[in-house]
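Let me begin by presenting the structure, written as structure tokens, before commenting on it.
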Amino acid sequence: MPRKQSKKTGDVFGRLTILEDLGTRKIGKRNVSVRFYLCECSCGNRIEVRCGDLQSGNIKSCGCLKRETHRGAGNPKKPIEVGDKYERLTVLEDLGTREVGRQGARRRFFLCECDCGNKIEIPGNGIGERYKSCGCLRREQCRKLILPGTVFGRLTVLELCDPAERKPSEDVLIYKCQCECGSVIKVAGTSLRTGNTRSCGCINRENFQENIREARSKIFVEGTNIMLISHNRIRADNTSGVRGVSKSRGKWVAAIKFKKKKYYLGSFNDINEAAEVRKEAEERIFGGFLEWYKNRVNFSCEDDPPV
């Protein structure tokens, strides 16, 4: 792994130029030591920045770069002005900044008028991107009928459901759809258009089963549970207190299971004798197998496992 180069005065990262190394200070609940630098932005402002943020590029300016990129769609560096039009919205007035969210971040808001006549207050970073109308554009799209036979993922639209089966919102239309697996379900038109619903649920079930198979392939090798044999934890249903040792007909029976086969190790009057035999079997059988598995994982060896 290449060694990180030390930063020095005069180094440039985006719009920031390092002026001074402020040394390390402890931050957070764990008191992690982090190095800070005093930097000057190309706009003239000075800020203190963590070394990691400079290295990764998370911080490239004092904040002016982000403010410029949030000044309208189409031309990010063009400030939003009264009279500008974005889709169906026309800017009427700059309402200034206000605090939003739990962290108290400040956002500039604008009073806009929609082509339909409604007036709404919108944050500047959403005009023309997230907000293109007062909401009438979305309502119009929701009212557009989806023709029978239209395919969305694995779903094929059969027909429009009765209005009584709609959701509380009058703008949401419900469609009866048939999945490729044969199931018939009812889906909101908005969920079909956005792609949130692409099947009756069979896609999620298939992905779940595939994730289980992938997890099992990592845990089970040659029919042996690597996680189970690599630690000394005792199962909750164990009554003897020793792995692989159980009581039968007044004697302690030791056994071990390996590669889907169970091997009988003997019966003993003393549980300590049974535990010692079981431990020797673990070291002899599990030890070599675990060593082979670690080499296989670390070095991608293709050797056959020990028998």
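When the letters of the sequence shown are read in order and numbered with numbering that gives the first Met the number 0, they come out as residues 0 to 306.
Each residue gets a CB set at the ideal place from its N, CA and C atoms; glycine is no exception.
What residues are listed by DSSP as bridge partners for residue i?
i: residue 219; result: 224
i: residue 177; result: 155, 183
i: residue 36; result: 20, 48
i: residue 89; result: 84, 112
i: residue 249; result: DSSP lists no partner for residue 249.
i: residue 7; result: Residue 7 pairs with nothing; no bridge assigned.
i: residue 98; result: 105
i: residue 255; result: 262
i: residue 267; result: 251
i: residue 26; result: 31
i: residue 244; result: 253
i: residue 12; result: 15
Quick one: Cα of residue i to Cα of residue j, how far?
i: residue 188; j: residue 97; result: 36 angstroms
i: residue 303; j: residue 273; result: Per-residue confidence for residue 303 stands at a pLDDT of 48, beneath the threshold of 50, marking its modelled position as unreliable; the derived number appears in the next sentence. About 31 angstroms.
i: residue 147; j: residue 157; result: 5 angstroms
i: residue 112; j: residue 119; result: 7 angstroms
i: residue 78; j: residue 13; result: 22 angstroms
i: residue 155; j: residue 141; result: 18 angstroms
i: residue 19; j: residue 43; result: 15 angstroms
i: residue 61; j: residue 219; result: 52 angstroms
i: residue 293; j: residue 50; result: 37 angstroms
i: residue 129; j: residue 29; result: 38 angstroms
i: residue 215; j: residue 40; result: 52 angstroms
i: residue 258; j: residue 33; result: 49 angstroms
i: residue 150; j: residue 210; result: 27 angstroms
i: residue 70; j: residue 21; result: Its pLDDT being 46, under 50, residue 70 is placed unreliably by the model, and the measurement read from it follows with that caveat. Those two C-alpha atoms are separated by around 34 angstroms.
i: residue 63; j: residue 15; result: 11 angstroms
i: residue 173; j: residue 195; result: 14 angstroms
i: residue 7; j: residue 117; result: 55 angstroms
i: residue 246; j: residue 239; result: 7 angstroms
i: residue 87; j: residue 132; result: 5 angstroms
Run the CB neighbour count on residue i, radius 10 Å, all protein chains shown included, and call it buried at 16 or more, exposed below.
i: residue 180; result: exposed
i: residue 234; result: exposed
i: residue 17; result: buried
i: residue 124; result: buried
i: residue 207; result: exposed
i: residue 198; result: buried
i: residue 115; result: exposed
i: residue 186; result: buried
i: residue 232; result: exposed
i: residue 55; result: exposed
i: residue 243; result: buried
i: residue 36; result: buried
i: residue 276; result: buried
i: residue 23; result: exposed
Report whether the distance from the Cβ of residue i to the nearest heavy atom of the ligand SAM is below 8 angstroms.
i: residue 159; result: Of ligands this structure carries none, so the ligand SAM is not represented either.
According to DSSP, is residue i helix, strand or coil?
i: residue 188; result: helix
i: residue 31; result: strand
i: residue 55; result: helix
i: residue 211; result: helix
i: residue 274; result: helix
i: residue 202; result: helix
i: residue 172; result: coil
i: residue 79; result: coil
i: residue 233; result: coil
i: residue 195; result: coil
i: residue 287; result: helix
i: residue 42; result: coil
i: residue 61; result: coil
Quick check: is the beta carbon of residue i nearer than 9 angstroms to any beta carbon in chain C?
i: residue 267; result: Structure shown: chain C not included; a single protein chain is present.
Quiz item: Where in the region 112 to 163 do unbroken runs of the alpha helix (DSSP H), each at least 4 residues long, occur, reported from the N-terminal end onward?
Solution: 135 to 142
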